[in-house]
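Q: Under my numbering, the first residue of the sequence shown carries the number 29, and numbering increases by one thereafter.
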Amino acid sequence: MSICVLRGRSTAAVEPAELTLILLHHAGGSAGSFVPLLPHLPESWRILAPELPARATAPRQPVCPSVTSAVDSFAEELTGQLAGPYAVFGHCLGSLIAFELVHALAARGHRRPLWVGVSGSPAPRLVVPEPAGGRPEDWTREQYVAYMRWLGATPEELWNNTLLADRMITALRNDLVVNHGYRYQDRTPLASPLSVMRGEGDPLVTAEEMRPWADHADTTEFRSWPGDHFYLFDRAPEVSAGIVGAITAAAARTETTGVR
Numbered sequence: 029m030s031i032c033v034l035r036g037r038s039t040a041a042v043e044p045a046e047l048t049l050i051l052l053h054h055a056g057g058s059a060g061s062f063v064p065l066l067p068h069l070p071e072s073w074r075i076l077a078p079e080l081p082a083r084a085t086a087p088r089q090p091v092c093p094s095v096t097s098a099v100d101s102f103a104e105e106l107t108g109q110l111a112g113p114y115a116v117f118g119h120c121l122g123s124l125i126a127f128e129l130v131h132a133l134a135a136r137g138h139r140r141p142l143w144v145g146v147s148g149s150p151a152p153r154l155v156v157p158e159p160a161g162g163r164p165e166d167w168t169r170e171q172y173v174a175y176m177r178w179l180g181a182t183p184e185e186l187w188n189n190t191l192l193a194d195r196m197i198t199a200l201r202n203d204l205v206v207n208h209g210y211r212y213q214d215r216t217p218l219a220s221p222l223s224v225m226r227g228e229g230d231p232l233v234t235a236e237e238m239r240p241w242a243d244h245a246d247t248t249e250f251r252s253w254p255g256d257h258f259y260l261f262d263r264a265p266e267v268s269a270g271i272v273g274a275i276t277a278a279a280a281r282t283e284t285t286g287v288r
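See the structure below:
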């Protein structure tokens, strides 16, 4: 597993960035999934994107066995990277990892993030051990192709490249096993403000399944945009503006209250 630097220095600078934004990708995604958001985020922000193993750029990396393993690895790699204020955002599987990562960083003595954003995922206690279609590790290649086409995030021409298609399927299979292997344990509510975001037409998660995220933070706001599970990439300017606005408001409250 690795920390991809989408903008800024690869290590914490002597003069910390105005803000470090940590982006955690969806099941089957990668750090590169967030590239559509970059033009709409402040140039002064440092953007880090922890990446699960076995992506297309490093297919031989050992498979990640669990959310806990991913969080432990990311927390270790982020040690020394968070000298200044930071925020965390995750989509889909990345939401669960973001939630657990914030708690893991706190346990390591890091300051709390200014803001946490989660998107396209049921609240942690609602994650089921086995999806309706059966265990992901038992799906056939044809089932994965049908599933990915149903979600609509994969350009059709990529299916003509068998090697790339197989790598995408392998990454998605590994990530879905991690996602559905997650087991929630009671956590202290987040002291950071939490934004819960979704596409209004998301076929994978309903508004009702996301509403209990409010139990996991002292302050929660809910936002939605037109679109499906991958609404945030289709509506990058609007979603990025929502992220920037939420973080800016959180930073202002922190300056007013003096709470770090």
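We put the CB at the ideal spot given by N, CA and C, even for glycine.
Return the residue from the list 150, 111 and 103 that minimises the CA-CA distance to residue 207.
A: Per the Cα distances, 150.
Q: Assuming contact is defined by CB atoms lying nearer than 7 Å, are residue 58 and residue 83 in contact in what I supplied?
A: Taking 7 Å as the Cβ cut-off, residue 58 and residue 83 qualify as a contacting pair.
Q: Would you mind stating whether residue 103 and residue 132 have Cβ atoms separated by less than 7 Å?
A: yes
Q: Quick one: using the 10 Å Cβ neighbour count with 16 as the cut-off for buried, is residue 184 buried or exposed?
A: Exposed is the call here.
Q: In the segment 194-259, which residue ranges form an unbroken alpha helix (DSSP H) of at least 4 residues, counting only runs that do not cross its ends?
A: Listed in chain order, the alpha helix (DSSP H) runs fully inside the segment 194-259 are 235-238, counting runs of at least 4 residues.
Q: Residue ranges of each beta strand (DSSP E) run of no fewer than 3 residues wholly in the segment 117-157, ordered along the chain?
A: 143-147
Q: Could you check which residue in 92, 80 and 127 has the C-alpha nearest to that of residue 224?
A: 127
Q: So the beta strand (DSSP E) residue 48 belongs to, where does it begin and stop?
A: 47-52
Q: Around the Cβ of residue 63, are there at least 16 other Cβ atoms within 10 angstroms (buried) or fewer (exposed)?
A: Under this definition residue 63 is an exposed residue.
Q: What does a CB cutoff of less than 7 Å around residue 271 pick up in its chain, not counting 5 residues either side in sequence?
A: 117 and 145
Q: Mind checking who residue 169 pairs with in its DSSP beta bridge?
A: DSSP output for residue 169 lists no bridge partner at all.
Q: Does the Cβ of residue 156 have 16 or more other Cβ atoms within 10 Å, making it buried, or fewer, making it exposed?
A: exposed
Q: Would residue 68 pass as a contact of residue 220 if the rule is Cβ separation under 7 Å?
A: no
Q: From residue 191 to residue 164, what does the alpha carbon distance come to, in whole angstroms?
A: Roughly 20 Å between the two C-alpha positions.
Q: Quickly, what does DSSP pair residue 79 with across the bridge? List them, please.
A: 30
Q: Could you pull out every residue in the same chain whose Cβ sits closer than 6 Å to the Cβ of residue 228, ignoring the five residues on either side in sequence?
A: 252 and 254
Q: Determine the DSSP secondary structure at residue 181, reduced to helix, strand or coil.
A: In the three-state scheme derived from DSSP, where H, G and I count as helix and E and B as strand, residue 181 is classed as coil.
Q: So, helix, strand or coil for residue 37, using DSSP?
A: coil
Q: Give the secondary structure of residue 281 by DSSP, where H, G and I count as helix, E and B as strand, and everything else as coil.
A: helix
Q: Quick one: using the 10 Å Cβ neighbour count with 16 as the cut-off for buried, is residue 79 buried or exposed?
A: buried
Q: How would you call residue 246, buried or exposed, if buried means at least 16 neighbouring beta carbons within 10 angstroms?
A: exposed
Q: I need the straight-line Cα distance from residue 95 to residue 264, nearest angstrom please.
A: 27 Å
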